[in-house]
């Protein structure tokens, strides 16, 4: 009988981390604006800021500047993720999984102090993001949980398990957005950050008390042939980032290196569009002709998260349950279908002039979430178990860079096209999303060609082994 500890593994880890991250982010932006206003103006102006347009613009301008610096604070994760994820291939996944949460725990102390002592400078909040970045951030945790899942699954159930993990991220995001506002309204900023700290302490306790190590055998030392010993000092070894690039670009049989690089390029394009969508959706829906209120925007974002969670927790598992390995669509085809629905969603948003069109585009999330499940599964099939951490580390390191590039690209494109077509940026996202469909077609062609050659080889082998005549059978 399967142990409960083998069924429920890293899913709560992703839920708790996503919950804390989505709760803390918007509240911290609000805290920065409050501190900026208190620094520039008196309490009367800050209480009725909307009545003072010049002051409001000044507060928003300065706040935007420092919110951008908080985003830049995650850049240390570009480097630290290479060390942590590659190190996990040597020491296992459990210990490295604690590091991102530990960085967030240290950062929470800064946030609590900043919210309790309002006279502290708002610039101090950037230190929180730097500490989170040094711990690797959510990207590193996500890479470690993906590595964990690939350690304990095979190709028959891996995609389904990855889907459940991603569903926990969206469910945690929804909980974070809802609870953050409620706790802030009832108890204030400090209570939000105390809850944030509690979530991370719970996460750490769960990893220590519940999760079993997934990497059962350690890599062997080339000289002695003995398994390598676990050394915490190995985390800072410069061999770790070098190994990340070595694993990514090493020659592999059967076009595996080419396929891995294509999948990494696809991931870059996905992050580019995700960044643009995150930055523009609020601006786009507030602009005429939609002119949404803040509550309607919140409902729309929550609907997107709920539909994505529903897809990964219900629709996709039902599909996997109702199909056999022979009748099931190949992962590459599933990813292409998912990207196709993403294109449809972006196109509908780009031409949306009424509210129902935006929510109709949300229905695409029931299928468009497939690539985020399938792509990690496909990448995991191209490397050995002791290369998983290093392989996922590269995409984790690239993600923050492309989030910033996507933000710069679409935040500059949107104002330029706003006067004649507010939705033009979303049409550009639709065009960019078509590229992964074509790139996956290249991988699919190689896979089909390899399967045909394999089938011919099996037939030839059977013919060679088959007796030629009754006389040979007798002999």
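In the numbering used here, the protein residues as written are 137 to 611. Backbone N, C-alpha and C fix where the C-beta goes; we use that ideal spot for every residue, glycine too.
Between residue 231 and residue 224, the CB-CB gap stays under 9 Å. With the rule of 3 Cβ pairs closer than 8 Å, the segment 328-338 counts as touching the segment 150-157. Collapsing the DSSP output to three states places residue 201 in a helix.
Residues of the same chain with a CB within less than 6 Å of the CB of residue 488, apart from the 5 flanking positions on each side, are 494 in chain order. With distances taken between CA atoms, residue 337 lies nearest to 237 out of 237, 246, 322, 264. In the three-state reduction of the DSSP assignment, residue 229 falls in the coil class, being assigned neither a helical nor a strand state. Of the residues assessed, residue 556 falls on the exposed side of the cut-off, its CB having fewer than 16 other CB atoms within 10 angstroms. By the beta-carbon neighbour count (other beta carbons within 10 angstroms, threshold 16), residue 252 is exposed. The count of Cβ pairs closer than 8 Å, one atom from the segment 253-271 and one from the segment 512-531, stays below three, leaving the stretches out of contact. Distance from the CA atom of residue 515 to the CA atom of residue 286, rounded to whole angstroms, is 10 Å. Of the residues assessed, residue 548 falls on the exposed side of the cut-off, its CB having fewer than 16 other CB atoms within 10 angstroms. Comparing alpha-carbon positions, the option among 505, 580, 165, 383 lying closest to residue 466 turns out to be 580. Assignment of alpha helix (DSSP H) within the segment 407-482, counting only whole runs of 4 or more residues, yields 430-446, 452-458 in chain order. Residue environment: residue 586 is assigned as exposed (fewer than 16 neighbouring CB atoms within 10 Å of its CB, all protein chains considered). Put simply, the segment 533-548 does not touch the segment 306-317. Fewer than three CB pairs are less than 8 Å apart. Secondary structure at residue 552: helix, using DSSP grouped into helix, strand and coil. Non-local C-beta neighbours of residue 475 in its own chain, meaning closer than 7 Å and more than five positions away in sequence, comprise 507, 569, 572, 573, ordered along the chain. Look at the beta carbons and you see the segment 213-227 touching the segment 376-383: at least three pairs across the two are nearer than 8 Å. Boundaries of the alpha helix (DSSP H) harbouring residue 171: 147-176, taken from the DSSP string.
Taking the C-beta atoms as reference points, residue 146 is found no nearer than 9 Å to residue 169.
When the Cα atoms are used, residue 163 and residue 279 turn out to be separated by approximately 26 Å. For residue 313, the enclosing alpha helix (DSSP H) covers residues 294-323. Residue 449 places its beta carbon 9 Å or farther from that of residue 308.
Excluding its 5 nearest sequence neighbours in each direction, residue 311 has C-beta neighbours in its own chain below 7 Å: 155, listed in chain order. With a beta-carbon spacing of about 14 Å, residue 477 and residue 562 fall beyond the 8 Å limit used to define contacts. Looking only at 239, 540, 490, 281, the smallest Cα-Cα distance to residue 412 is reached by 540. Within 10 angstroms of the beta-carbon of residue 150 lie 16 or more other beta-carbons, which makes it buried. Distances from the CA of residue 245 to each of 417, 140, 328 were compared; the closest alpha carbon is that of 328. DSSP places residue 211 in the coil class of the three-state scheme, outside both helix and strand. 554 is the residue among 554, 216, 177 whose C-alpha sits nearest the C-alpha of residue 424. By the CB criterion at 9 Å, residue 350 and residue 398 fall outside the cutoff. For residue 304, same chain residues with a beta-carbon under 6 Å away, outside a window of 5 residues either side, are 147, 150, 151 in chain order. Judged by DSSP secondary structure, residue 372 falls outside any alpha helix (DSSP H); it is assigned neither H nor E.
The C-alpha of residue 192 is placed about 6 Å away from the C-alpha of residue 186. Under the criterion of beta carbons closer than 8 Å, residue 560 and residue 486 qualify as touching, at roughly 7 Å.
In the DSSP assignment, residue 179 falls within the unbroken alpha helix (DSSP H) covering 179-183.
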